[in-house]
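Only one structure is covered here, and it is reproduced in the block below.
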Amino acid sequence: MKNIFFRIFFGQLILISCVSLFFVLFSFGLVKRYYVNTLTENLEKIALSLRRTLTPYLVCEKFSSLDSLAKYIGKEIKVRITVVDLKGVVLADSEENPEKMENHGTRPEILQAFYGKTGISLRFSKTFGKDMLYVAIPIKDEKGEVFGVIRLSLFFTQIDELIGAFVRNLLIVVFSLLFFSIFVSFFYSKSLAKPIGELVSIADEVAKGNFELEVFVEGKGELKRLAESFNSMLTRIRELVSKLSEQRDSLDIVISSIGEALLVINSDEKIVIVNDSFKEIFNVSEVKNKYYWEVFREPQFGEIIEEVKKKRDSVVKEIKIGERYFICTANFLKKYNEVVITLHEITEKKKTELMKKDFISNVSHELRTPLTAIKGFVETLLETQKGDGKRYLEIIRKQTDRLINIVKDLLRLSELEEIEEGKIKIDFSQVDLKKLIKDVLSIYEKEMKDKGLRLVVSIDRSVSKIKGDPFKLEQLFMNLIENAIRYTDKGEIKINARREKRAIVIEVSDTGIGISEEHLPRIFERFYVVDKSRSREYGGTGLGLSIVKHIVQLHQGEIRVESKKNKGTKFTIILPEN
90 MKNIFFRIFF GQLILISCVS LFFVLFSFGL VKRYYVNTLT ENLEKIALSL RRTLTPYLVC
150 EKFSSLDSLA KYIGKEIKVR ITVVDLKGVV LADSEENPEK MENHGTRPEI LQAFYGKTGI
210 SLRFSKTFGK DMLYVAIPIK DEKGEVFGVI RLSLFFTQID ELIGAFVRNL LIVVFSLLFF
270 SIFVSFFYSK SLAKPIGELV SIADEVAKGN FELEVFVEGK GELKRLAESF NSMLTRIREL
330 VSKLSEQRDS LDIVISSIGE ALLVINSDEK IVIVNDSFKE IFNVSEVKNK YYWEVFREPQ
390 FGEIIEEVKK KRDSVVKEIK IGERYFICTA NFLKKYNEVV ITLHEITEKK KTELMKKDFI
450 SNVSHELRTP LTAIKGFVET LLETQKGDGK RYLEIIRKQT DRLINIVKDL LRLSELEEIE
510 EGKIKIDFSQ VDLKKLIKDV LSIYEKEMKD KGLRLVVSID RSVSKIKGDP FKLEQLFMNL
570 IENAIRYTDK GEIKINARRE KRAIVIEVSD TGIGISEEHL PRIFERFYVV DKSRSREYGG
630 TGLGLSIVKH IVQLHQGEIR VESKKNKGTK FTIILPEN
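For the sequence shown, the residue numbers in my numbering are 90 to 667.
Structure follows, in structure tokens:
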């Protein structure tokens, strides 16, 4: 409050002082000009009156009498009188002996009078050593020609005395007003500073979070209205804070009650929100405002956060924390530059999947030997049997082949999954993709010819070698081409390969029975068969497309499918060159 008071008071004091100083200086200059102008006019009038009296003496060349008269009149009117001829010679002077005085022809006021004008000059007098005011008028003959000059002068000290008296009186008035203004300003500043100081103090308290305050200002005016508005604002802030607190509490309850782990990381990589589930997973307590990498030392977790921040989009990945498995979903909030992470536990599901994989892998290995044996015995019996017995044996052989194919595909899938999990390592080599596709197509030339299908192959010259596993890539194209032949009764099969940027795009399309839209999301699942009767007829295992997808993923590629019922299907594989 004291700071505000002094700022207002001294501000007004400086303003009043500057105005008073300006007023004094302006008044001094104005009064000085007024007195000089008034004295100049009076001297001019006196000079005009004296011209009639002194002119006859000048015409008759009675210079001695002229000098005596000038001394007499000058003494009476207390004004110095000087008469000069056209040559600048002083003929008479009321203060000095004219004969001893120097030529006045160069004086500025005399020169002006020589030209028939009234000469005025305010300058220093060498004769008296003081500032003087000079007024000179021309003396003309009957023809109007100038033949002399009458000059009147007055000591400037007389003007200074008059101005000094005026200034003294003016200063008395100004200082009186100044003292009164300071007195009024003091009390006005105090009355103004008090409510402003209270407003500032309360504003400081509000900034600290204390909203249970009010401002009281007496009287009327803008400060009263400001205080009322401030109080209304405080009431509104209290309501908003209360509502926000309720919403925050509700949000905290909701976040805490969420079964999935939740974490929010700001742009500085600090944790701003975390729920109890997340704390339980990582076995931590207080983590807010800490860097996430100080609390969660999981490499996979950090990689996901960096990927989300780089992509500025959503990322979904499976991660393992200790002995538990989670689906980690990370979303980037562009508006706040924050990352929101949720962890959905899939440990039981993962264990079930692993058990299922192990079971299938073990069963496949165990079934392979007896099935091979059964097939061998059936083929041996077929050589000796005839009639219905042979027909039944043919059925047994066909179903045995189907079981053997399923076992082979299951083993391939298990191998691919183990490669993806890093249990089995493979070395990629340079594969001539163009040659590989042509070699695969040559296997099915007879089968397509038997069904009357047309083969259209378009492989660009730009299709180059890629880094991969030649055997698995061969399996990929064999499965796709075999499926295309199996489900196409008429029309054509197209193979198109081209290079786009740093990737190879291969399209395998047919004009077969197609796939309904509702089946498309599931066609890469194991044992999923769209047309079960047709699959059984041709010995399909329902594992071919699942194997294709795993091979594509193994080569860090992408596979897409487009299909319409009774119009055909197109598979698009995108494989990176390296």
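Glycine is no exception: its CB is placed at the ideal position from the N, C-alpha and C atoms.
CB-CB under 6 Å to residue i, same chain, minus the five flanking residues each way: which ones, in chain order?
i           : result
residue 160 : 183
residue 462 : none
residue 543 : 581
residue 654 : 603 and 605
residue 403 : 420
So, at 7 Å on beta carbons, what are the nonlocal neighbours of residue i in its own chain, with the 5 sequence-adjacent residues on each side left out?
i           : result
residue 371 : 384 and 385
residue 467 : 482, 485, 486 and 489
residue 244 : 219 and 221
residue 694 : A query on residue 694 cannot be resolved here, the shown segment of the chain reaching from 90 to 667 and no further.
residue 569 : 597, 637 and 660
residue 202 : 208, 225, 226, 227 and 238
residue 646 : 662, 663, 664 and 665
residue 350 : 364, 366, 367, 370, 431 and 432
residue 622 : Because residue 622 sits at a pLDDT of 48, beneath the cut-off of 50, its placement in the model cannot be relied upon, and the following sentence gives the value as read from the coordinates. If we look at residue 622 and ignore the five residues flanking it on each side, it has no Cβ neighbours.
residue 173 : 179, 180, 193, 199, 237, 238 and 240
Might you give, ordered along the chain, the residues of its own chain that have their beta carbon closer than 8 Å to the beta carbon of residue i, omitting 5 neighbours on each side?
i           : result
residue 627 : Bear in mind that the predicted position of residue 627 carries a pLDDT of just 49, short of 50, making it too unreliable to give a figure here.
residue 562 : 520, 522, 525, 640 and 644
residue 614 : 635
residue 211 : 125, 220, 221, 222, 223 and 245
May I ask which residues mark the beginning and end of the alpha helix (DSSP H) holding residue i?
i           : result
residue 568 : 559 to 575
residue 602 : No alpha helix (DSSP H) holds residue 602; DSSP gives it neither H nor E.
residue 365 : 365 to 371
residue 381 : 381 to 384
residue 203 : 197 to 203
residue 390 : 388 to 400
residue 633 : 633 to 643
Can you tell me whether residue i is buried or exposed? The criterion is at least 16 other CB atoms within 10 Å of its CB, across all chains shown.
i           : result
residue 357 : exposed
residue 589 : exposed
residue 329 : exposed
residue 441 : exposed
residue 107 : exposed
residue 32  : This structure gives no information on residue 32, because the portion of the chain shown stretches from 90 to 667.
residue 149 : exposed
residue 465 : exposed
residue 550 : exposed
residue 137 : exposed
residue 171 : buried
residue 169 : buried
residue 529 : buried
residue 477 : exposed
Give me whichever residues DSSP pairs with residue i in a beta bridge.
i           : result
residue 414 : 409
residue 433 : 416
residue 427 : 422
residue 225 : 208 and 240
residue 166 : Paired residue(s): none; residue 166 is not in a bridge.
residue 585 : 547 and 596
residue 657 : 653
residue 556 : 519
residue 173 : 179 and 238
residue 330 : Answer is none; residue 330 lacks a bridge partner.
Give me the Cβ distance between residue i and residue j, rounded to the nearest whole Å; I'm assuming they're in contact under 8 Å.
i           : j           : result
residue 225 : residue 185 : Incorrect: roughly 17 Å between the Cβ atoms, too far for contact.
residue 379 : residue 394 : The pair is not a contact, with the Cβ atoms about 14 Å apart (cut-off 8 Å).
residue 545 : residue 583 : 5 Å
residue 429 : residue 376 : Wrong, their Cβ atoms sit about 16 Å apart, outside the cutoff.
residue 555 : residue 612 : The Cβ separation is near 25 Å, so there is no contact.
residue 146 : residue 132 : Rounded, the Cβ-Cβ distance is 20 Å, inconsistent with contact.
residue 413 : residue 392 : Wrong, their Cβ atoms sit about 18 Å apart, outside the cutoff.
How is the beta strand (DSSP E) around residue i delimited, first residue to last?
i           : result
residue 517 : First-last for residue 517: undefined, no H or E at that position.
residue 542 : From DSSP, residue 542 is part of no beta strand (DSSP E); its letter is neither H nor E.
residue 353 : 350 to 354
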